[in-house]
Amino acid sequence: MYYRGAVEGAANTESGSRVFVYEVVGLRQSEETDQTNYQIRNSGSVFIRVPYSRMNQEMRRITRLGGRIVSIQPVSVLQQTNGKATSAKSAHEENGNATPVNAEPPVQQQPQKNETKGKTMTQAKAKKDAHADVPVNIYRPNAPYIGKCISNEPLVGENGIGIVQHLKFDISGGNLRYVEGQSIGIIPPGLDKNGKPEKLRLYSIASTRHGDDVDDKTVSLCVRQLEYKHPETGETVYGVCSTYLCNLKPGDDVKITGPVGKEMLLPPDEDANVIMMATGTGIAPMRAYLWRMFKDAERAVNPEYQFKGFSWLIFGVPTTPNILYKEELEEIQGKYPDNFRLTYAISREQKNPQGGRMYIQDRVAEHADELWSLIKNEKTHTYICGLRGMEDGIDAALSAAAAKEGVNWSDYQKEIKKAGRWHVETY
């Protein structure tokens, strides 16, 4: 289906410029699309023809309408049939799900069986038997470890948005062990709305395996207090577990389970390239990685791991006071300028090339060619952590960079996932 409106004028002046075709799934009918002159389907694929100059703008529009870009192809590598761009032997077309550019939409189709509802936290499964020596589920929900809060410090500066805390727990009285990139569960006290004990919530660990004090006695979390308006009553609702954690006092007991997760682990290679893309509290595992790679005290106790590679953090926040661990990040950048690159996307203060807010996907698009060049290196591992949905804009930007070399990003991404070089944890 060809989308008239946002891309129509530019697409009609394609001569002499690069033009790409976005394959999009999941577009929904909404108040915005109700005002347009085309139908939105809830399943199957649609194809949108976009000139290079409007790629970022169209990515954001698609995301706003609930769509997900599954591939980007330059028109030059597509077959031209009666003036309509269609993929050669597209798998979607073979399944009868695709709508070529400028074609009329087919009859509404049923959602595909592999579509799943969102979960509280998603972690792709690691390869079977990979990292077999990594500790998991030392403490389970029916027998949690009882730790103590050592400290609870605010991370958001003056005039920042929301409440985010750095919590440090004493785990010296038990056998809780973990490595960078794992998560622990927290069981808040009290009963849920059904009168049953509250269930655990998972939080990414923000410290190295040795803890903030590098003495193997603590574990740290980065927690944002969840706050939102009830859609029906308008009442302010606060997250049960996040509010509990943000209000903990030193000396308070806390029920801890885990650790869990093998998807976000750092590679053992000291010469690796590590690309990190985070929003908000998604900085937690990235902080653990950076401490392990660069902190003097950590390097002193890790003679077997002395990072010599290159790492790049792209961090998205709403305002400057919301740059979590700002002093730590900039200290590392100043001390290791050849090994660590720090890039902020501050949405309410910085503008993207189109004059809109600067989001992480805009920064990725800005540096897409550099990132793509790094990602092609077999020593490169990429980590994405933050709010679910951030992956779509990242994929779209990297799709454009890969397409310049005739590479289908979706296929390539599957390959590096299989190789254990693409790591995503969103919630």
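Just so it is clear: in the sequence shown, position 393 is 393 by the UniProt record's numbering, and no numbers are missing.
Built from N, CA and C at the ideal position, the CB exists for glycine as well.
Presumed contact (8 Å Cβ cut-off) between Gly185 and Thr257, rounded CB distance: The pair is a contact, with the Cβ atoms about 4 Å apart (cut-off 8 Å).
Outcome for His230 when other beta-carbon atoms lying within 10 angstroms are tallied against a minimum of 16: Under this definition His230 is an exposed residue.
According to DSSP, residues forming a beta bridge with Cys361: First, the residue type needs correcting, since residue 361 is Gln and not Cys in the sequence shown. The partner list for Gln361 (beta bridge, DSSP) is empty, contrary to what the question assumes.
Rounded distance between the beta-carbons of Leu202 and Val260, thought under 8 Å: Contact check for Val260 and Leu202: beta-carbon distance about 7 Å, within the 8 Å limit, so the pair qualifies.
Which of helix, strand or coil DSSP assigns to Glu405: Coil, per DSSP.
Exposed unless 16 or more other CB atoms sit within 10 angstroms - verdict on Asp395: The Cβ neighbour count for Asp395, taken over all protein chains shown within 10 Å, is at least 16; the residue is labelled buried.
Length of the line joining the Cα atoms of Ser207 and Arg18: Cα to Cα, Ser207 sits roughly 45 Å from Arg18.
Ser311 and Asn339 closer than 9 Å at C-beta: Yes. Within cutoff.
Euclidean distance between Cα positions of Thr33 and Leu387: Note that Thr33 scores 44 on pLDDT, short of 50, meaning its location in the model is unreliable and no value can be drawn from it.
Alpha carbon of Gly162 to alpha carbon of Ser151, nearest angstrom: Cα to Cα, the separation comes out at about 19 Å.
Counted within 10 angstroms of its Cβ, other Cβ atoms place Pro144 as buried (16 or more) or exposed: Of the other Cβ atoms in all chains shown, 16 or more fall within 10 Å of the Cβ of Pro144; this residue is therefore buried.
Assigned exposure category for Asp170 - 16 Cβ within 10 Å defines buried: Burial of Asp170 is indicated by the presence of at least 16 other C-beta atoms within 10 angstroms of its C-beta.
Status (buried if at least 16 other CB within 10 Å, exposed otherwise) for Val136: So Val136 counts as exposed.
Burial state of Gly282, where buried means 16 or more other Cβ atoms lie within 10 Å: Buried.
Contact between the region 262 to 271 and the region 347 to 365 (3+ Cβ pairs under 8 Å): Taking 8 Å as the limit for Cβ pairs, the verdict is that the region 347 to 365 does not touch the region 262 to 271.
Start and end residues, alpha helix (DSSP H) containing Val240: Following the DSSP letters along the chain, one finds Val240 inside the alpha helix (DSSP H) bounded by residues 240 to 246.
Where Met55 sits in the DSSP three-state scheme: The answer is helix: DSSP assigns Met55 an H, G or I state.
The region 399 to 407 in contact with the region 293 to 312 per 3-pair CB rule at 8 Å: Cβ pair count under 8 Å is below three, so no.
Where the alpha helix (DSSP H) through Ile375 begins and ends: Per DSSP, Ile375 belongs to the alpha helix (DSSP H) from 368 to 375.
Beta-carbon proximity list for Lys418, same chain, < 7 Å, skipping 5 on both sides: Same-chain partners within the cutoff: there are none.
Environment of Asn322 [buried if 16+ CB atoms lie within 10 Å]: Per the 10 Å Cβ criterion, buried.
His423 - DSSP class collapsed to helix/strand/coil: Judged by DSSP in its simplified three-state form, His423 adopts strand.
Member of Gly147, Gly195, Tyr359, Gly239 whose CA lies at the smallest distance from the CA of Thr218: Measuring from the Cα of Thr218, the nearest candidate turns out to be Gly147.
Range of the contiguous alpha helix (DSSP H) that encloses Met293: For Met293, the enclosing alpha helix (DSSP H) has its first and last residue at 283 to 294.
Backbone CA spacing between Tyr412 and Leu324 [nearest angstrom]: In a straight line, the C-alpha of Tyr412 is about 32 Å away from that of Leu324.
Ranges of the alpha helix (DSSP H) found wholly within the UniProt domain "FAD-binding FR-type" (142 to 266), counting only runs of at least 4: Every unbroken stretch of the alpha helix (DSSP H) spanning 4 or more residues and falling wholly within the UniProt domain "FAD-binding FR-type" (142 to 266) is given here in chain order: 240 to 246.
Residues near Ala297 in its chain [Cβ-Cβ closer than 7 Å; skip 5 each side]: A distance below 7 Å between beta-carbons, with the five flanking residues on each side excluded, links Ala297 to the following residues of its chain, in chain order: Val214.
Nonlocal neighbours in the same chain, by C-beta distance under 6 Å from Thr343, ignoring five residues either side: So the list reads Ile314, Arg363, once near-sequence residues are dropped.
Contact belief for Pro285 with Tyr383 at Cβ below 8 Å, rounded distance in angstroms: Approximately 7 Å separates the beta-carbon atoms of Pro285 and Tyr383; this is inside 8 Å, confirming the contact.
Coarse secondary structure for Val301, derived from DSSP in three states: In this structure, DSSP gives Val301 a helical state, which the three-state scheme calls helix.
The alpha helix (DSSP H) enclosing Gly334, as first and last residue numbers: Its alpha helix (DSSP H) spans residues 326 to 335.
Beta-carbon separation (whole angstroms), Val179 vs Arg140, contact threshold 8 Å: 19 Å between Cβ atoms; not a contact.
Pick from Gln182, Asn142, Asp252, Ser204 that is closest to Cys149, judged by C-alpha positions: Taking only the C-alpha atoms, the option nearest Cys149 is Asp252.
With 16 other Cβ atoms within 10 Å as the buried cut-off, status of Glu425: Classified as buried, Glu425 has 16 or more neighbouring CB atoms from the shown chains inside 10 Å of its CB.
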